[in-house]
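Visitor: Just dropping this structure here.
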Amino acid sequence: MEVLIRLSGLLALLLAGTGLRRVGVLDADRTELLNQTAYYVALPALVFVATYDQAIGDVVSWELLVAVVATLLGTALVASVVHRNRSPIARRSVAVVQSYHSNLGYLGVPLVAATFDAEVTAIASVILGIGALVQVPLTVILLVSMNGENAEGALGRHLRSLAGNPVLIALVAGMAIGGFALGRA
Numbered sequence: 009m010e011v012l013i014r015l016s017g018l019l020a021l022l023l024a025g026t027g028l029r030r031v032g033v034l035d036a037d038r039t040e041l042l043n044q045t046a047y048y049v050a051l052p053a054l055v056f057v058a059t060y061d062q063a064i065g066d067v068v069s070w071e072l073l074v075a076v077v078a079t080l081l082g083t084a085l086v087a088s089v090v091h092r093n094r095s096p097i098a099r100r101s102v103a104v105v106q107s108y109h110s111n112l113g114y115l116g117v118p119l120v121a122a123t124f125d126a127e128v129t130a131i132a133s134v135i136l137g138i139g140a141l142v143q144v145p146l147t148v149i150l151l152v153s154m155n156g157e158n159a160e161g162a163l164g165r166h167l168r169s170l171a172g173n174p175v176l177i178a179l180v181a182g183m184a185i186g187g188f189a190l191g192r193a
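Below is the structure:
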């Protein structure tokens, strides 16, 4: 019952946002401000709090890494086959990218945090980090290779942007503190 109460709170928040958007209170500028706050403040804080007191070995494993990477690559491969006849090529590339591109951050990790304990939330945060590290290069490579565009520097620019990703920074900081057992009593 407790889980239902937590999840209903999140649902109520989503519905309130939808209602505020519909009546014009949440215009484009306010929505952008909320998105920036979620991305640069709330989600990194959630990821850090979930990971700083966890032992790395409890939340990271080779099996998890392989499973996440295999899932993303496998989904992209299946989508490539499913959408192989879609025209034009630009539509095909977007269909393939959208098949594996997931939004684990805004909804996934908060839903896990509302439903499960800190260790499970830490694992979800690691999955989010692995996903970001795989999705960005995969997306750039697929879009550039399928559309025949000049990719000069595109992959490097996007990889550099990962270094400044606040969620990845929070994940690395939390895991580093957890790795040295600084966050555990």
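In this text, residue positions in the sequence shown follow the working numbering: the first is 9, and each later residue adds one. Built from N, CA and C at the ideal position, the CB exists for glycine as well. Bear in mind the structure is a predicted one, so any value in this text is a computation, not a measurement.
1) Candidates T129, A84, P118, R94: which alpha carbon is nearest Y108's?
2) Between the Cα of V3 and those of F124, A75, L34, spot the shortest distance and give me the residue it belongs to.
3) Please name the residue, chosen from A50, L28, L151, that lies closest to S101 on a Cα-to-Cα basis.
4) Indicate whether the contact test is met: 3 or more Cβ pairs, each with one atom in the stretch 175–182 and one in the stretch 47–56, closer than 8 Å.
5) Contact defined as beta carbons within less than 8 Å: I believe G194 pairs with L163. What is the distance between those atoms, to the nearest angstrom?
6) Three Cβ pairs or more, each shorter than 8 Å: is that satisfied between the stretch 82–98 and the stretch 30–43?
7) Helix, strand or coil for V142? Go by DSSP, reduced to three states.
8) Suppose you measure from the CA of I131 to the CA of V68; what does that come to, to the nearest Å?
9) Which residue from L136, Q106, V104, A103 puts its Cα closest to that of V117?
10) Just the C-alpha distance for L167 and G187, rounded to the nearest angstrom, thanks.
11) Suppose the cutoff is 7 Å on Cβ atoms and the five residues either side in sequence are ignored; what does the same chain contact list for A87 look like?
12) Excluding five sequence neighbours on each side, which residues of the same chain lie with their C-beta closer than 7 Å to the C-beta of A122?
13) For A63, tell me which candidate among R92, A171, V134, T26 has the shortest Cα-Cα distance.
14) For L41, does the count of other Cβ atoms within 10 angstroms reach 16, so buried, or fall short, so exposed?
15) Could you pull the start and end residues of the alpha helix (DSSP H) that M183 belongs to?
Guide: If we stick to the structure as given:
1) Taking the sequence shown and counting its residues from 1, the one referred to as residue 108 is at position 100. Answer by Cα proximity: A84.
2) Residue 3 falls outside the range modelled here, since the chain spans only 9 to 193, and no answer is possible.
3) Here residue 101 is taken as the residue at index 93 of the sequence shown, counted from 1. It is L151 whose Cα lies nearest to the Cα of S101.
4) yes
5) Nothing can be reported for residue 194: it is not among the residues displayed for the chain, which extend from 9 to 193.
6) no
7) Taking the sequence shown and counting its residues from 1, the one referred to as residue 142 is at position 134. Note: V142 maps to helix in three-state DSSP.
8) As a first step, residue 131 must be located in the sequence shown, where it is residue number 123. As a first step, residue 68 must be located in the sequence shown, where it is residue number 60. Each residue's Cα considered, the two are about 7 Å apart.
9) Within the sequence shown, residue 117 is the residue found at index 109, counting from 1. Measuring from the Cα of V117, the nearest candidate turns out to be L136.
10) In the sequence shown, residue 167 corresponds to position 159, counting from 1. In the sequence shown, residue 187 corresponds to position 179, counting from 1. The straight-line gap from Cα to Cα measures roughly 25 Å.
11) On the sequence shown, position 79 is the one that residue 87 refers to. Closer than 7 Å at Cβ, skipping near neighbours: A103, V104, S107, Y108.
12) Taking the first residue of the sequence shown as position 1, residue 122 is located at position 114. Excluding sequence neighbours, A122 sits near R14, L15, L18.
13) The residue labelled residue 63 in the question sits at position 55 within the sequence shown. It is V134.
14) Taking the first residue of the sequence shown as 1, we reach residue 41 at position 33. Exposed is the call here.
15) Counting from 1 along the sequence shown, the entry for residue 183 is found at position 175. It spans 174–187 - the alpha helix (DSSP H) in which M183 sits, taken as one unbroken run.
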